[in-house]
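Inspection log for the structure reproduced underneath, given as structure tokens.
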Amino acid sequence: MEKIKPSINTTKEELQGRIDYMMSEKRRIEELSKINLKQAIADFRILRKFADDEWNELILVRNEEACMYNQALANYKDFFTHLHFQPGRVNEKNLHWNLDEFSQANRGFKI
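Going by the numbering used here, the sequence shown wraps up at 175, each residue one higher than the last.
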């Protein structure tokens, strides 16, 4: 999925699609971890980088106005404030904790 390009015209459907993508990847990685832990960890790193990149784009000064005046975009930005990953490298001990952060964030996310 391409990096977000926030604007006043960003739709809630587009943002829901992005949330759905992250949640789908989270579930896929959970299943993958049962048969190939090493690949699941690698895939989680990709998912986390996607989330980090989204957050970094949303907090740029050039996107401040869009996030302020587009309620769906403001709610999407809030999704990322609920992601509290364990520090350090992802490993078999903290993979599921970190994956669960997406579920926690999704519970608080409503467009």
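By construction, the Cβ of each residue, glycine as well, lies at the ideal position given by its N, Cα and C atoms.
Next item on the list: Would you kindly report the start and end of the unbroken alpha helix (DSSP H) that includes Leu176?
Entry: The displayed coordinates of the chain run from 65 to 175. Any statement about residue 176 would go beyond what the structure contains.
Check: When the Cα atoms are used, what is the spatial distance from Glu128 to Asn100?
Finding: Working through the sequence shown from its first residue, we reach residue 128 at position 64. Working through the sequence shown from its first residue, we reach residue 100 at position 36. In a straight line, the C-alpha of Glu128 is about 41 angstroms away from that of Asn100.
Next item on the list: Would you decide whether Arg106 is buried or exposed? Buried here means 16 or more other CB atoms lie within 10 Å of its CB.
Entry: Here residue 106 refers to the residue found at position 42 of the sequence shown. At residue 106 the sequence reads Ala, which differs from the Arg that was named. By the 10 Å Cβ count, Ala106 comes out exposed.
Next item on the list: Following the continuous alpha helix (DSSP H) through Gln135, name the residue where it begins and the one where it ends.
Entry: In the sequence shown, the residue the question calls residue 135 occupies position 71. Counting along the chain, the alpha helix (DSSP H) containing Gln135 begins and ends at Gln135 to Thr145.
Next item on the list: Within the same chain, show all residues whose beta-carbon is closer than 6 angstroms to that of Phe143, passing over the 5 residues directly before and after it, in chain order.
Entry: As a first step, residue 143 must be located in the sequence shown, where it is residue number 79. Taken in chain order, the residues that qualify are Ala169 and Phe173.
Next item on the list: Please name the residue in Val154, Asn162 and Phe166 whose C-alpha comes closest to that of Lys102.
Entry: Here residue 102 corresponds to residue number 38 of the sequence shown, with the count starting at 1. Measuring from the Cα of Lys102, the nearest candidate turns out to be Val154.
Notebook entry, point to check: Is Ile68 buried or exposed, if buried means 16 or more other CB atoms sit within 10 Å of its CB?
Noted result: Here residue 68 corresponds to residue number 4 of the sequence shown, with the count starting at 1. Buried, since its Cβ has 16 or more Cβ neighbours within 10 Å.
Notebook entry, point to check: With burial defined as no fewer than 16 other Cβ atoms inside 10 Å of the residue's Cβ, what is the status of His85: buried or exposed?
Noted result: Start at 1 with the first residue of the sequence shown, and residue 85 comes out as number 21. A small correction: the amino acid at residue 85 is Tyr; His does not occupy that position in the sequence shown. Answer is exposed; the Cβ neighbour count stays below 16.
Notebook entry, point to check: Can you name, in chain order, every residue of its own chain whose Cβ lies under 8 angstroms from the Cβ of Tyr133, other than the five neighbours on each side?
Noted result: The count along the sequence shown starts at 1 and reaches residue 133 at position 69. For Tyr133, where only same-chain residues beyond five positions count, the Cβ hits under 8 angstroms are Ile72.
Check: Residues in its own chain within less than 7 angstroms of Ile93 by CB, not counting five upstream and five downstream?
Finding: The residue labelled residue 93 in the question sits at position 29 within the sequence shown. Only Ala104, Asp107, Phe108, Leu111 and Leu163 meet the Cβ criterion.
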